[in-house]
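This report concerns only the one structure given below.
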Amino acid sequence: GERLDYYVISGKTPMGTVEKYTDLTGKPALPPAWTFGLWLSTSFTTNYDEKTVMSFIDGMLDRGIPLKVFHFDCFWMKDFHWTDFLWDERVFPDPEGMLSRIKAKGLKICVWINPYISPATELYEKMEPYTASHSVWCGIVPDYTLPEAQQIADNHFKKNQLDIGVSGYKLDENDGYDYWLWPDVATFPSGNAAEQIRQIYGSLLQNITVRMYHKQNKRTYGLVRSGNAGTSSFPYVIYNDYYNHKDFITALINSSFIGILWTPEVRASQTAEEWLRRMQTVCFSPIAMLDAWADGTKPWSFPEVTQQVNDIAKLRMQLIPYLYTTFANYAFKGIPPVRAMNLEEGYQEESKLEEGKLDATANPYAMALKKEAKDQFMVGEYLLVAPLFTGETERRVILPKGKWYDFYTGKLAGEGEIITVSPGLDRIPVYVKDGGIIPLWPAITELENRQYPLEIRHYGEKTSNYNLYDDDGETYNYEKGECTWISLKVDTDTKGGKRGIVIIPENSKVWSFSDYRFRFMSSEETK
């Protein structure tokens, strides 16, 4: 008998519809720049201490693998004492000092939490009056719709995590149904129904943590198990424990239709090939995370592909200017940075292969265009990514209308057609739209607050204009207008020669780039 409001949202294109949808639910958050580096997560039932943590970090750095975020999973707190949101003093007697030593290596720190408070903690008595009638994972369930519960959590998180150097959270175990969480008959002191709070619990946790960082003028980013309409405005990416590699791509694609983000994680693998293929996929995902929480798998656990893993991780670092701009367009315009092919203009249009009578063998392209492509996706305005999976030596790639070029070589890959490629183990197939401009940093292993030279790649023959985004990468000052859009242009003359132009608005600040060099990939000219 309750009232239901519903909205009909339409646009001239599928992408236009998604943009309008985010007008209603809220424009997405802009991540800090460090988000786009490599994340490493570890957790062990034994020897989970500073020495072990540092061995992982130093192992990455000594091999030149560009690690940017270290994530503490479950056992930074006492084992099976979850959750008290306190460092286990038995293995981390000096958490503030340890985090300071990690940060001195150029890293940020993220920590895992679930929201259910153990009775054997100092937080229990403070929070108990504001909790539900039922427990979860042997812990009380705070009613985070209440301002009192929010303030208690705020004070505790700030003192024990934010003030000593934690930059983000992984919010776990806040999704599910009766089997994992509280039953429908549970009651909450706010009077809100158990079913309703269950649906928004992940959103409530996001709201609390984001508000804390915003007060300190520090951007954050993290992972969450659940969210709903409106949580796209929070700096979190949805994840879960499902681990089928092909379905990772499906989840990346499906989330883009409602303007939100989902990310896979690289965990254990059975073979070196599987490890590398998963790594190649995750480096084109919203968060590039190696999650070794259960078994301690390292990037060098498969020596035969360690170099290839290092190469794809460095490519991720090179792409940060492009990725950061892509996420700025997400924040300001609502355009999903990782998205389905169906949202790409020209994907479902008529092509030269569709002329004549449809034949599933001789002319299969028309059929392909009427279906979802669940194994390839777009990253930003120009990049088409087509992963391979374990056991595959070749694959088909659907190229939308227009010319497309190989990202690595600049050679023409095809035009509005299906191609079959055999890239070998070392590379994930990536293609660039005609006229595409891809700004790249050098293959840096660190990401500090300093300027780097920019290589501006142009693919194909079309003239084009790309707006490169820049700000301080750390604070919310961009909300006050402290940001810069740099115009990158490529023109052609009457003889077919190309010229690159960089236009920085007058009196604008540049935080991230020292100088600019154009590279014309189709002709290998540099200016």
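Residues 18 to 544 in my numbering are what the sequence shown spells out, letter by letter. The C-beta atom is built at its ideal place from N, Cα and C for all residues, glycine as well.
Using the C-alpha atoms, what's the distance from residue j back to residue i?
i	j	result
residue 264	residue 299	13 Å
residue 334	residue 148	44 Å
residue 449	residue 301	14 Å
residue 546	residue 342	No answer is possible for residue 546: it lies beyond the span of the chain, which begins at 18 and ends at 544.
residue 201	residue 400	45 Å
residue 355	residue 267	12 Å
residue 188	residue 507	44 Å
residue 327	residue 82	5 Å
residue 534	residue 461	17 Å
residue 476	residue 498	32 Å
residue 367	residue 429	The predicted model places residue 367 with a pLDDT of 47, which falls under 50 and marks its position as unreliable; any figure quoted below should be read in that light. Looking at the two C-alpha atoms, the distance is approximately 21 Å.
residue 213	residue 529	44 Å
residue 398	residue 205	46 Å
residue 245	residue 350	19 Å
residue 371	residue 426	Note on residue 371: pLDDT 47, under 50, position unreliable in the model; the coordinate value appears next. So the two alpha carbons sit approximately 29 Å from each other.
residue 164	residue 220	15 Å
residue 503	residue 99	47 Å
residue 191	residue 251	16 Å
residue 272	residue 113	37 Å
residue 373	residue 415	Its pLDDT being 46, under 50, residue 373 is placed unreliably in this model, and the coordinates cannot settle the point.
residue 105	residue 135	14 Å
residue 37	residue 23	15 Å
residue 19	residue 496	38 Å
residue 161	residue 521	46 Å
residue 393	residue 198	35 Å
residue 531	residue 486	14 Å
residue 150	residue 170	19 Å
residue 166	residue 177	17 Å
residue 525	residue 519	13 Å
residue 73	residue 141	34 Å
residue 120	residue 71	12 Å
residue 457	residue 211	49 Å
Can you tell me the Cβ-Cβ gap for residue i and residue j, rounded? I've got them flagged as a contact below 8 Å.
i	j	result
residue 226	residue 237	7 Å
residue 253	residue 241	4 Å
residue 306	residue 361	Not a contact, Cβ separation roughly 26 Å.
residue 452	residue 481	4 Å
residue 85	residue 51	5 Å
residue 348	residue 122	Actually they are not in contact, since the Cβ atoms of residue 348 and residue 122 sit about 29 Å apart, beyond 8 Å.
residue 184	residue 127	6 Å
residue 337	residue 346	Wrong, their Cβ atoms sit about 15 Å apart, outside the cutoff.
residue 492	residue 234	5 Å
residue 109	residue 67	6 Å
residue 294	residue 405	6 Å
residue 172	residue 154	With a Cβ gap of about 23 Å, residue 172 and residue 154 do not count as contacting.
residue 290	residue 407	6 Å
residue 303	residue 280	5 Å
residue 516	residue 472	With 8 Å as the limit, residue 516 and residue 472 do not qualify as a contact, their Cβ atoms being about 16 Å apart.
Looking only at DSSP bridge pairs, what is residue i linked to?
i	result
residue 88	58, 127
residue 159	148
residue 240	187, 254
residue 395	356, 401
residue 486	502
residue 283	307
residue 153	156
residue 134	157
Can you tell me which of the options puts its alpha carbon nearest to the alpha carbon of residue i?
i	options	result
residue 443	350, 347, 292	292
residue 455	483, 436, 198, 432	483
residue 257	304, 102, 243, 537	243
residue 124	77, 163, 99	77
residue 129	138, 88, 136, 167	88
residue 91	101, 143, 84	101
residue 56	409, 288, 239	239
residue 323	344, 297, 304	297
residue 435	412, 445, 441	412
residue 538	233, 495, 478	478
residue 175	103, 110, 133	103
residue 315	344, 116, 59	59
residue 556	270, 274, 216, 309	With the chain covering only 18 through 544, there is no way to say anything about residue 556.
residue 182	259, 357, 118, 468	118
residue 403	262, 509, 313, 312	262
residue 49	519, 464, 209	464
residue 277	510, 28, 516, 42	42
residue 275	33, 365, 193, 488	33
Within 8 Å of any Cβ in chain B, is that where the Cβ of residue i sits?
i	result
residue 510	Absent from the structure is chain B; it holds one protein chain and no more.
request  = Counting only runs of 3+ residues fully inside the stretch 403 to 483, write out the beta strand (DSSP E) ranges in chain order.
outcome  = 412 to 415, 420 to 423, 429 to 432, 435 to 438, 447 to 450, 454 to 457, 469 to 475
inquiry  = Could you tell me which whole alpha helix (DSSP H) segments of length 4 or greater appear in the stretch 305 to 366?
reply    = 323 to 335, 337 to 350
inquiry  = Quick check for students: name the residue ranges of the beta strand (DSSP E) that lie wholly in the stretch 502 to 530, counting only runs of 3 or more.
reply    = The qualifying runs are 515 to 520.
task = Tell me the start and end of each unbroken alpha helix (DSSP H) in the stretch 171 to 233 that is at least 4 residues and wholly inside, in chain order.
result = 211 to 232
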